[in-house]
Every structure is written in C-alpha cells, then in structure tokens.
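*Asks:* All residue numbers in the sequence shown are consecutive under the UniProt record's numbering, ending with 141. Cβ coordinates follow ideal geometry from the N, Cα and C atoms, glycine included.
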Amino acid sequence: MTDTKTAVPPSEEGPPPTSPTHITDQSQGVSMDAVPLWKRVWRHSLTQMMLLSVQAFCGPAMSDAITGLGGGGLATPQVSNISTAIRYATLAAVCFLGGPIVNKIGVKWALVIGSMSFPIQGSAYYCNSKFGNQWVSARIF
C-alpha cells in the first residue's frame with residue numbers, strides 16, 4: 001500500500017479491488033478531537049526535543065564540567081589525563097559506529113543505553129572521594 005504522495009504507475013490489470021486494505025481515501029482517519037490532550041502533547045516534536053535537550057544537558061554537560069574541574073577535584077593529574085584520553089578515544093569509536101547501531105536498535109534504546117553510563121561515572125567519583133581509589137577504567141564512563 002502506498003501513501004498519497006507516492007506516484008503509482010498505471011496498472012494494466014484493471015482497477016484495484018475495493019477491499020479495505022486498498023482504500024486510498026484518507027478522509028476516514030482519526031479525528032484529532034478524539035485523541036487525548038496528553039497524548040498529543042507527549043508525541044509532539046517540541047516535547048521530544050525538550051526531553052532530549054534535558055538529557056543532553058544533564059548527562060554529558062555535567063560530566064564534562066566535573067571532568068574540567070580536575071576529575072571532581074580528587075584525581076591526580078596523571079589519572080585525569082589518562083581517563084580523558086581514553087574517554088575521547090572511546091567517544092571517537094562510538095561516534096564512528098553510532099549511526100549503524102542506532103539504526104539497528106532505535107533511538108529510544110540507544111538513549112537508554114547511553115544514559116546508563118552516567119550513574120557509573122557518578123559512582124566512580126563517589127568511590128574516589130570515599131575510598132581514595134583512582135581507577136582509570138571506572139572513570140572513563
């Protein structure tokens with residue numbers, strides 16, 4: 001079945017059957033008055049952009065701010081430099097492979113998986129301040 005914008009070549013077999021699967025009249029769609037307000041607001045593109053902006057601000061921006069302050073102020077310069085180098089190398093690899101991965105799993109699940117690294121990084125900062133551990137592997141998230 002094609003949409004109304006797709007050009008369909010003329011068929012030599014005759015007119016298409018009139019079964020419900022071949023209806024081309026789009027005037028029988030769902031009225032917007034029947035859709036609840038919360039569903040219209042939740043599925044609106046502006047709402048989705050605001051949610052993604054909040055996630056983009058709270059996640060990587062806060063992480064970069066803490067890293068820019070010297071790894072939360074508790075890391076030695078060597079550990080901070082090593083973790084920053086590993087982090088940017090990982091970022092380059094993920095950016096290179098991110099498009100195909102997002103196409104396979106979808107945007108929603110890619111954001112869910114990506115946002116799982118932020119609590120790990122926060123717990124690494126906590127362990128560093130509480131116990132004095134400076135694990136490079138825990139700080140690259």
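Should ALA124 be labelled buried (16 or more other beta-carbon atoms within 10 Å of its own) or exposed?
*Replies:* Residue numbering aside, residue 124 sits at position 124 when the sequence shown is read from its first letter. Buried, since its Cβ has 16 or more Cβ neighbours within 10 Å.
*Asks:* Within the stretch 72 to 127, note down every full alpha helix (DSSP H) run reaching 4 residues or more, in order along the chain.
*Replies:* 77 to 105, 107 to 115
*Asks:* Which term fits ASN81, buried or exposed, when burial requires 16 or more other beta carbons within 10 angstroms of its beta carbon?
*Replies:* As a position in the sequence shown, residue 81 is number 81, starting the count at 1. It is exposed - the Cβ of ASN81 has fewer than 16 other Cβ atoms within 10 Å.
*Asks:* For SER115, tell me which candidate among MET49, GLY132, SER63, TYR88 has the shortest Cα-Cα distance.
*Replies:* Counted from its first residue, the sequence shown places residue 115 at position 115. Comparing Cα positions, the closest option is SER63.
*Asks:* In angstroms, rounded to a whole number, what distance separates the CA positions of PHE57 and TRP42?
*Replies:* Residue mapping note: residue 57 aligns to position 57 of the sequence shown, counting from 1. Residue mapping note: residue 42 aligns to position 42 of the sequence shown, counting from 1. Going by the C-alpha atoms only, they are around 20 angstroms apart.
*Asks:* Just to confirm my understanding: we take ILE101, look at its own chain, exclude 5 residues before and 5 after, and list those with CB closer than 8 angstroms. What are they?
*Replies:* Your numbering for residue 101 matches position 101 in the sequence shown. Correct list, in chain order: ALA110.
*Asks:* Contact check, GLY59 vs PHE118 under 8 angstroms by CB: the rounded distance?
*Replies:* Residue numbering aside, residue 59 sits at position 59 when the sequence shown is read from its first letter. Residue numbering aside, residue 118 sits at position 118 when the sequence shown is read from its first letter. PHE118 and GLY59 do touch by the CB rule: their CB atoms are close to 5 angstroms apart, below 8 angstroms.
*Asks:* Mind checking SER45: buried by the 16 CB within 10 Å criterion, or exposed?
*Replies:* Here residue 45 is taken as the residue at index 45 of the sequence shown, counted from 1. SER45 comes out exposed.
*Asks:* Is it right to say TYR126 is buried, meaning 16 or more other beta carbons lie within 10 angstroms of its own, or is it exposed?
*Replies:* As a first step, residue 126 must be located in the sequence shown, where it is residue number 126. So TYR126 ends up on the exposed side.
*Asks:* Among the residues of its own chain, which have a CB less than 7 angstroms from the CB of THR47, if the five just before and after it don't count?
*Replies:* Within the sequence shown, numbered from 1, the residue matching residue 47 stands at position 47. Excluding its 5 nearest sequence neighbours in each direction, THR47 has C-beta neighbours in its own chain below 7 angstroms: VAL41, listed in chain order.
*Asks:* Per DSSP, what kind of secondary structure is PRO60 in: helix, strand or coil?
*Replies:* By 1-based counting over the sequence shown, the position of residue 60 is 60. If DSSP states are grouped into helix, strand and coil, PRO60 belongs with the helices.
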